[in-house]
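Structure, as C-alpha cells:
Number of protein chains: 2
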Amino acid sequence: MVAPASTQEVAGVVTVCARHGAGIVPQGGNTGLCGGAVPDLSGEQVLLSLSRMNRIRRVDPGNDSLVAEAGCILADVQAAAAEVDRCFPLSLAAEGSCQIGGNLSTNAGGLNVIRYGMARQQVLGLEVVLADGTVWEGLRELRKDTAGYDLKQVFIGSEGTLGIITAAALKLAPKPANPVTFLAAIRDAGDAVALLGRLRSVLPDRIDAFELISDRCFDLVARHLPDARRPFAERPGWAVLADAVEGTDEGRVEAVLASCFGDGLVVDAILAKNKAEAAGLWRLRHAIPEAERPAGYCLKHDIGVPVGRLARFLAEAKALVARLEPDARPIVFGHVGDGNLHYNVLQPAGDDGFRERGADLSRSLYDLVAKFEGTFSAEHGIGVTKKELLRTYRSEVELGLMRTLKTALDPDNRLNPGKVI
Amino acid sequence: MVAPASTQEVAGVVTVCARHGAGIVPQGGNTGLCGGAVPDLSGEQVLLSLSRMNRIRRVDPGNDSLVAEAGCILADVQAAAAEVDRCFPLSLAAEGSCQIGGNLSTNAGGLNVIRYGMARQQVLGLEVVLADGTVWEGLRELRKDTAGYDLKQVFIGSEGTLGIITAAALKLAPKPANPVTFLAAIRDAGDAVALLGRLRSVLPDRIDAFELISDRCFDLVARHLPDARRPFAERPGWAVLADAVEGTDEGRVEAVLASCFGDGLVVDAILAKNKAEAAGLWRLRHAIPEAERPAGYCLKHDIGVPVGRLARFLAEAKALVARLEPDARPIVFGHVGDGNLHYNVLQPAGDDGFRERGADLSRSLYDLVAKFEGTFSAEHGIGVTKKELLRTYRSEVELGLMRTLKTALDPDNRLNPGKVI
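Top line first, the protein sequences correspond to chains G and B. Residue numbers for the first sequence follow our numbering, beginning at 600 and rising by one. Residue numbers for the second sequence follow our numbering, beginning at 600 and rising by one.
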C-alpha cells in the first residue's frame, strides 16, 4: 500500500507502477459494497490510498463552489460547505467515513438524489491522474462549458478504471431551511408512488427525500436499537419517510396528508413537531442496514426501475419471493422517489441453507428487474461482485463500448484491473 | 443529403458511408452558431438530416419521462410534456426550430440552466448509431443507474463526432407555477451578482432565470421592435430580468427589491403584474439577438467565468474594449446566474474596418476570460469556428484525451469529420 500526499506523488506512483507492470487499486474510505476498492488475491497489485490527500483546497461562496482533494471525508466536505452557509447535498449512510474521490468514482447516490441528482451532478471539474502518469488538470469551476468533450463525465462513475481522481471542483447548493419531516403509513408499497404524485401536485419540487420502509424494517430496528420502538401501533405494511423543504409550511403538508387519509391512501401519519422528532424518525431509517446484520444472512439487491412501474414491480417481486422462498423475509427500503430500492431478503429463521440457495432467488429477482427495464445496480456500482450481472444484463454493443473506452484510456490495464469490465 | 426516417435507416446510411469512405455530417435544426452541422466544401461529405425522425415515441407521466426521436423540434418536446402537465425545462431562443438531437449533441444551455442545468442533465438514456453502423440501445428511463460506465455522457456534447444520437429518454420536471417576473435596473453589472445573492438568501432555489441586460441592448430592441420602448426613463447602465417561482409570493420578491432599493443596489424596478406584462419584459430579452443584426457587424463571444469573479471580469473587459476599440459598442447580455455572458461588441457606426480588426479584440477578450479561469464557449460548442480556440486555450493533455476518445469511437474519422477536434 502507498499513501501519496499530493497529486504529483500519485502521478509518481502510477509512473513507477507502469514501468514495473503493476496494477493499481485506488482506495478511498473503502465503504463500497461491490469490492471495487479491494485488490485481488495475486499479491501483485499496489493499493493506492487517497486518504492523505484530504485538503479542502479552496471554498468560493461567491461561485457556490469548493475544491476538495479526493481523500476528503464526505462529512468534511459537507461541513466546509456549511461553514460558508451553503450545503453540499450528497448524503449517504457512510458519509462519516467514505471519501469524496470514491463517491465520484462510483457516482454515489444516497438520500437526496430526488432533488439534487447523483454525485455526478455535483461536479464542476476534476483533476485526474491518467494511466501513463500524466495529470489532467480539469479543475474548472464553471457552471457552463461546452469547449470540447466533457472529459470529467468519462471519469465519474468509472470506479478508478480509467483514471485516478485526485481532486474535484464541487457545486454547492443554497442551505435548505429546516424541512418538514413526516412518516406516513400506507397499506401497499405501490401507494408510495401515488402519495409522491399527490405531494408533488401541491409542492412540485419541494421534496428533498422520499424513502420507502417496509414494516419488517421497523421490527428489525426496534430489536436492534434499545431505545427505539415501532412508530405505529398497527402494522399497515409500509411507510414513507419524507422531507419537504423551504416554501413548504407544515400546513400544506398536513393538508395533503389529511386528504390522503380521507381517501384511505394514508392510514396513519406522524408529522415531526421539531428537529429532535425529525431526527428520531430519520434514525429509524438510518439504522436499517445495521439492524439487518444480527438478524441472519441477508441477500441484498440494489435495484432500480422506472418510478411509474414500481408498484407493479413490487407486487410481482413479492409473489416471486413467496413462491421461491416462502419463509424468507423481504426487507425492503430505499429511495422510492428515484425508483431505487434496496430489495433485501433475510433468511428464514434457522435456515442456513438459504445462503446457498440465494443465487437462484437473486437471479430471478434480477430477471424481473430486467423485465421492468430496470437496473441491477442503481447506486452501488459494479466493482467485482456485479461484473457477471453486467455481462448478463447489458448488451454486447454496450459492453463493447465499455471495453473500447477502457482500452483507449488504459491500454495496459493498469488501473483497477479486473474491476467493472 | 439523406433524410432517414428510422434508426435502422440511419444505421444503413452510416454503413454505406463507411464502405465508401464518405464522411457524415449529422444535422438537426441547423441553428448552431459554430458551424457544427454544416458540411465542408469538399463536396464529399454526406449531410444526414434527422428531421424526419420526429416522433415522440412515448410519454410516461408516472415516471416523469418521455422518449423523443432526434428530429423532434424542441418546442414540440416542451408541448408533449405540457400535455401531461409536466415541463421539459430546456428553453432557448431557437426552440421553435432547433431539434432535440442537436440540443443534446451540443449540450445546449439557455435560459433555465440556473435551476435545471444544461441539456445533459435532462437526459436519462440515449439511442445512438455508432461509427460502424451498429446501434447502441441505451434508452433506459432510470433516474439512478450505476451499471458500468455511463456511456450516454460520452455522446452528449460531442457534436456528432463520436456517434449519431437518434433518440433520447428525457427527464420531465413538475410544471412550475406562474413565476414572479421582474426587471431591476442596476448601475454596475457586478451588482447583478450581489442582487442574485440577496434574492437567494430569501428564496434559496426559487430563481428560474436571471438574465443580465446592458442598456445598449434596450436601445437596439427599441429601434428594432416597432412597439417596444425602453423600460426605464433613466439610463442606469444595466438591468436584470428574473423569474422567481413556486413558493414565491410577490410580497417576498417585492421586499427583497425594496431593501435593495434602500441600499442603492437597485435603482429602479418593474414587477410584472400579470402574464402579459411578464411576456412583454421577456420579449425585450428575446429580441436582442435579432435586434443586433441591422445595427452593423457584431463580434460575438459566448463566454463564461466563475460567477464570483464576474464583476471583476466585466470591469476589466470594459476597460479592455475602451482601450482597444474606444468607439465600439459592447452589447452585453446573458445568463449571469450561471456566469455565462454573450459579450458581443458592435462595430463603431460607419467603421467597416472593425470587421478586420475584430480578431485582435476577440483574442484579447478570450485571453482575459482565460485569466479568470473561464471558458471561450459556455453554451455554443466548438463546431468548426472555435477549433482554433480549443487548441489555444486547452492543455495538450486535454486535447490528447479528446483525440483518444475520437480515435477510439470513430477510428476512420467518418462522423462529422473536421469538427471539434
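Beta carbons are placed, not taken as given, at the ideal position from N, Cα and C, and that holds for glycine. None of the values given here were measured: they were computed from a predicted structure.
In this model, Gly-936 (chain B) and Arg-908 (chain B) are separated by some 12 Å (Cα to Cα). Secondary structure note for Gln-677 (chain G): its alpha helix (DSSP H) is the uninterrupted segment 673-682.
If you check each beta-carbon in the region 714-744 of chain G against every beta-carbon of chain B, the ones closer than 8 Å belong to Gly-716, Met-717, Arg-719, Gln-720, Leu-729, Thr-733, Val-734, Trp-735, Glu-736, Gly-737, Arg-739, Glu-740, Leu-741, Arg-742, Lys-743, Asp-744. Within the model, the alpha-carbon separation for Val-944 (chain G) versus Leu-723 (chain G) is close to 38 Å.
G:Asp-663 is the residue among G:Val-658, G:Asp-663, G:Ser-648 whose C-alpha sits nearest the C-alpha of Gly-938 (chain B). Closer than 9 Å to the CB of Phe-809 (chain G) there is not a single CB belonging to chain B. With respect to chain B, the C-beta atom of Gly-973 (chain G) has a partner C-beta closer than 9 Å.
Within chain B, Pro-773 have C-beta atoms less than 7 Å from the C-beta of Arg-799 (chain G), given in sequence order. Across the region 693-710 of chain G, CB contacts with chain B closer than 8 Å involve Thr-705, Asn-706, Gly-708, in sequence order along the chain. A residue is called buried once 16 or more other Cβ atoms fall within 10 Å of its Cβ, and Gly-982 (chain B) is buried on that count.
Judged by DSSP in its simplified three-state form, Asp-826 (chain G) adopts coil rather than helix or strand. It is roughly 15 Å from the alpha-carbon of Ala-693 (chain B) to the alpha-carbon of Gln-626 (chain B). The beta carbons of Gly-903 (chain B) and Leu-798 (chain G) sit about 36 Å from each other, so the pair does not count as a contact at 8 Å. In this structure, the CA atom of Pro-603 (chain G) is about 54 Å from the CA atom of Ala-832 (chain G). Under the DSSP assignment, Asp-867 (chain B) falls in the beta strand (DSSP E) whose first and last residues are 867-870. The three-state reading of DSSP puts Leu-647 (chain G) in strand, counting E and B together.
His-619 (chain B) sits in a helix when the DSSP states are folded into three classes.
Taken in chain order, the members of the region 969-995 of chain G whose beta-carbon sits within less than 8 Å of a beta-carbon on chain B are Glu-972, Gly-973, Thr-974, Phe-975, Ser-976, Ala-977, Glu-978, His-979, Gly-980, Ile-981, Lys-985, Leu-988, Leu-989, Tyr-992, Arg-993, Ser-994.
Counting other Cβ atoms within 10 Å of its Cβ, Arg-828 (chain G) stays below 16 and is therefore classed as exposed. Within chain G, not a single residue places a beta-carbon under 8 Å from that of Asn-873 (chain B); the smallest gap is close to 21 Å.
Ranked by how close their Cα comes to the Cα of Thr-984 (chain B), the residues B:Val-615, B:Gly-622, B:His-619, B:Asp-639 have B:Asp-639 in first place.
Contact note: Ile-763 (chain G) does not reach chain B at a C-beta cutoff of 7 Å; the least C-beta distance is about 14 Å. Pro-929 (chain G): member of the beta strand (DSSP E) spanning 928-934, first to last residue.
Distances from the alpha-carbon of Leu-988 (chain B) to those of B:Thr-630, B:Ile-1020, B:Leu-761 put B:Ile-1020 closest. Taking a 10 Å sphere around the C-beta of Ala-678 (chain G), we find fewer than 16 other C-beta atoms and assign the residue as exposed. Look at Gln-752 (chain G) here: in three-state DSSP terms it is helix.
Here Asp-790 (chain B) carries a helix assignment [DSSP, helix/strand/coil]. Any Cβ of chain B closer than 9 Å to the Cβ of Glu-608 (chain G) would place that residue at the interface, and such an atom is absent. Chain G has no Cβ within less than 9 Å of the Cβ of Val-839 (chain B).
Leu-998 (chain G) belongs to the set of residues whose beta carbon lies under 9 Å from a beta carbon in chain B. No Cβ-Cβ contact shorter than 9 Å links Cys-816 (chain G) with Ile-655 (chain G). Proximity of the region 686-702 of chain G to the region 629-636 of chain G meets the contact definition, three or more beta-carbon pairs being nearer than 8 Å. Listed in chain order, the non-local C-beta contacts of Asp-842 (chain G) below 6 Å within the same chain comprise Pro-778, Thr-780, Asp-807, Ala-808, local neighbours out to five positions each way being set aside. Contacts with chain G at 9 Å (Cβ-Cβ) include Leu-1004 (chain B).
Look at Pro-803 (chain B): its C-beta is under 9 Å from a C-beta on chain G. Here the alpha carbon of Val-968 (chain G) sits roughly 16 Å from the alpha carbon of His-934 (chain G).
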